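Student: Pasting in a structure now, in structure tokens, and then I'll have a few things to ask.
2 protein chains.
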Amino acid sequence: MTSMPPEERIGSHVKRAEQALVGAKNAALKPAGVTVPQYAALLWLAEKPGISAAALARLCGVTPPTMNTVLKNLQERGWIERSPHEWHRNVLETRLTAEGRLVMELADAAAVRVERALAAAFSAEEREQLIALLGRAADVLDAQR
Amino acid sequence: MTSMPPEERIGSHVKRAEQALVGAKNAALKPAGVTVPQYAALLWLAEKPGISAAALARLCGVTPPTMNTVLKNLQERGWIERSPHEWHRNVLETRLTAEGRLVMELADAAAVRVERALAAAFSAEEREQLIALLGRAADVLDAQR
DNA sequence: TTGCGAGCATTAGACCTCTAACATAGATTC
DNA sequence: GAATCTATGTTAGAGGTCTAATGCTCGCAA
Numbered sequence: 008m009t010s011m012p013p014e015e016r017i018g019s020h021v022k023r024a025e026q027a028l029v030g031a032k033n034a035a036l037k038p039a040g041v042t043v044p045q046y047a048a049l050l051w052l053a054e055k056p057g058i059s060a061a062a063l064a065r066l067c068g069v070t071p072p073t074m075n076t077v078l079k080n081l082q083e084r085g086w087i088e089r090s091p092h093e094w095h096r097n098v099l100e101t102r103l104t105a106e107g108r109l110v111m112e113l114a115d116a117a118a119v120r121v122e123r124a125l126a127a128a129f130s131a132e133e134r135e136q137l138i139a140l141l142g143r144a145a146d147v148l149d150a151q152r
Numbered sequence: 008m009t010s011m012p013p014e015e016r017i018g019s020h021v022k023r024a025e026q027a028l029v030g031a032k033n034a035a036l037k038p039a040g041v042t043v044p045q046y047a048a049l050l051w052l053a054e055k056p057g058i059s060a061a062a063l064a065r066l067c068g069v070t071p072p073t074m075n076t077v078l079k080n081l082q083e084r085g086w087i088e089r090s091p092h093e094w095h096r097n098v099l100e101t102r103l104t105a106e107g108r109l110v111m112e113l114a115d116a117a118a119v120r121v122e123r124a125l126a127a128a129f130s131a132e133e134r135e136q137l138i139a140l141l142g143r144a145a146d147v148l149d150a151q152r
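Residue numbers (the numbering used here), protein chains in the order written: chain A, 8 to 152; chain B, 8 to 152.
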């Protein structure tokens, strides 16, 4: 009585790939002691020191309260610092600490290994196709809302 | 100083598509009052009445404690029932209630609308390609662990 | 100058997710 | 019959995610 079998639902396959991706990345990042969202934040922080939490949230594709949670955990571990902005007193500038940078580099090496293994499963043409198809899917779904 | 730009990371594109998918599905399911994981559980329960929580977890691609959380919320709303198995006393059989079936059908209609809109963005050949490429990605990533 | 709108930060509450650990019951094997 | 194996269920704890609501600061405009 189900109106559409799971195998025909493109969403099922996207979800499965995403689950495998998060699983592989989490396993790879475990030695560095960071989660996937923590790694994403550290990576952007290395590229944009002093960024605001809201802007960082946009880059990482999450909401500000979510980023707040992630940053709280990063700060507890001493991997980031937050200080008030010179002019805009309501803005907090966030930066990596020295230890945070080390952790980021360790995590990045592991994450890149996973990405390279994934990329190696495809030809250059297939990679382009996959990325193009995924981009079109994301656009259609965003427009759907 | 980053070793691999985000656009070249296939994972970035998979993640973005998955986020758009969950966003669109959550928006579509909101009128029915269910979340995406709740909908997935209700859908499988309609097809396999009396299934165990562990088996349901496998079908939905989550761990048993996660499914436990989802089922607890579904039970609080009166959409499922759980009763001890006749022989295996340690197993709880889970079934939809009448109201749960109605909610599932309402949610399913909305979810299928999203899937059809997504599928409409591709030709038959493109759909097959996308599914095949995603499947290969998932296999490679699972093997990576 | 006073107000208003935009952007940032935060809190509260609900939900999902995992790993780790433990308990239980049934089946298999020695 | 006893030990072991396998599958199920559950609890505990940490972390991530969202929406909704609140408060703050700044800049701009009436």
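Just so it is clear, CB atoms sit at the ideal spot from N, CA and C, and this is done for glycine as well. What you are looking at is a predicted structure, and each value in this text was computed from that prediction instead of being measured.
Along chain A, which residues have their Cβ under 7 Å away from the Cβ of Glu133/B?
Tutor: Residue numbering aside, residue 133/B sits at position 126 when the second sequence is read from its first letter. Neighbours of Glu133/B on chain A, chain order: Leu140.
Student: Out of Met11/A, Glu15/A and Ser10/A, point me to the one whose CA is closest to Gly142/B's CA.
Tutor: Here residue 142/B refers to the residue found at position 135 of the second sequence. Out of Met11/A, Glu15/A and Ser10/A, Glu15/A has the C-alpha closest to the C-alpha of Gly142/B.
Student: How would you label Ala150/A, buried or exposed, when you count the other beta carbons within 10 angstroms and need 16 or more for buried?
Tutor: Sequence index remark: in the first sequence, residue 150/A carries index 143 (1-based). With fewer than 16 Cβ atoms within 10 Å of its Cβ, Ala150/A is classed as exposed.
Student: Verify the CB distance criterion: does Gly68/B have a CB-CB separation below 9 Å to chain A?
Tutor: Working through the second sequence from its first residue, we reach residue 68/B at position 61. Taking Cβ atoms only, chain A reaches closer than 9 Å to Gly68/B, which makes this a yes.
Student: Following the continuous beta strand (DSSP E) through Glu112/B, name the residue where it begins and the one where it ends.
Tutor: Counting from one through the second sequence, the residue named residue 112/B turns up at place 105. From DSSP, Glu112/B is part of no beta strand (DSSP E) but of the alpha helix (DSSP H) over Ala105 to Ala126.
Student: Quick one: what does DSSP say Pro12/B is sitting in, helix, strand or coil?
Tutor: Along the second sequence, read from residue 1 onward, the residue named residue 12/B stands at position 5. The answer is coil: DSSP assigns Pro12/B none of H, G, I, E or B.
Student: Given that Ile58/A touches chain B, what residues does it touch there, using C-beta distances under 7 Å?
Tutor: Taking the first sequence and counting its residues from 1, the one referred to as residue 58/A is at position 51. Within 7 Å Cβ-Cβ: nothing; Ile58/A doesn't reach chain B, min ~15 Å.
Student: Taking the Cβ atom as the reference point for each residue, do Leu113/B and Leu137/A lie within a distance shorter than 9 Å?
Tutor: Here residue 113/B corresponds to residue number 106 of the second sequence, with the count starting at 1. Here residue 137/A corresponds to residue number 130 of the first sequence, with the count starting at 1. Not a contact, by the Cβ cut-off of 9 Å.
Student: So for Ser59/A, helix, strand or coil by DSSP?
Tutor: For the purposes of this step, residue 59/A is taken as residue 52 along the first sequence, with counting starting at 1. Looking at Ser59/A - three-state DSSP - the assignment turns out to be coil, as it is neither helix nor strand.
Student: Under 7 Å between beta-carbons, which chain B residues line up against Val110/A? List them in chain order, please.
Tutor: Counting from one through the first sequence, the residue named residue 110/A turns up at place 103. Chain B residues near Val110/A: none, gap ~15 Å exceeds 7 Å.
Student: Pick out whichever of Ser59/A, Ala145/A and Leu49/A has its Cα sitting closest to the Cα of Leu103/A.
Tutor: Position 96 of the first sequence, counted from the first residue, corresponds to residue 103/A. Nearest option by C-alpha distance: Leu49/A.
Student: Would Met11/A pass as an interface residue toward chain B - the criterion being a Cβ-Cβ separation below 9 Å?
Tutor: Reading the first sequence from its first residue, position 4 is the one you call residue 11/A. So yes, Met11/A belongs to the interface.
Student: Starting from Arg89/A and walking both ways along the beta strand (DSSP E), at which residues does that stretch end?
Tutor: Sequence index remark: in the first sequence, residue 89/A carries index 82 (1-based). Here the beta strand (DSSP E) through Arg89/A covers Ile87 to Pro91.
Student: Please decide whether Ala31/B counts as near chain A, where near means a Cβ-Cβ distance under 9 Å.
Tutor: Against the second sequence, residue 31/B aligns to sequence position 24. With 9 Å as the cut-off, Ala31/B counts as an interface residue toward chain A.
Student: Whole angstroms is fine: what's the gap from Ser90/A's alpha carbon to Tyr46/A's?
Tutor: Translated into the one-based positions of the first sequence, residue 90/A becomes position 83. Translated into the one-based positions of the first sequence, residue 46/A becomes position 39. So the alpha carbons of these two residues sit roughly 21 Å apart.
Student: Quick one: is Thr101/B buried, meaning 16 or more other Cβ sit within 10 Å of its Cβ, or exposed?
Tutor: As a working note, residue 101/B is residue 94 in the second sequence. Classification for Thr101/B: buried.
Student: Would you mind telling me which residues of chain A sit closer than 8 Å to Lys22/B, beta carbon to beta carbon, in chain order?
Tutor: The sequence position of residue 22/B within the second sequence is 15, counting from 1. In chain order: Glu25, Leu28 and Gly68.
Student: Against Leu125/B, what residues of chain A qualify as contacts under a CB-to-CB distance less than 7 Å, listed in chain order?
Tutor: Taking the first residue of the second sequence as 1, we reach residue 125/B at position 118. Chain A residues near Leu125/B: Ile17, Gly18, Ala144, Val147 and Leu148.
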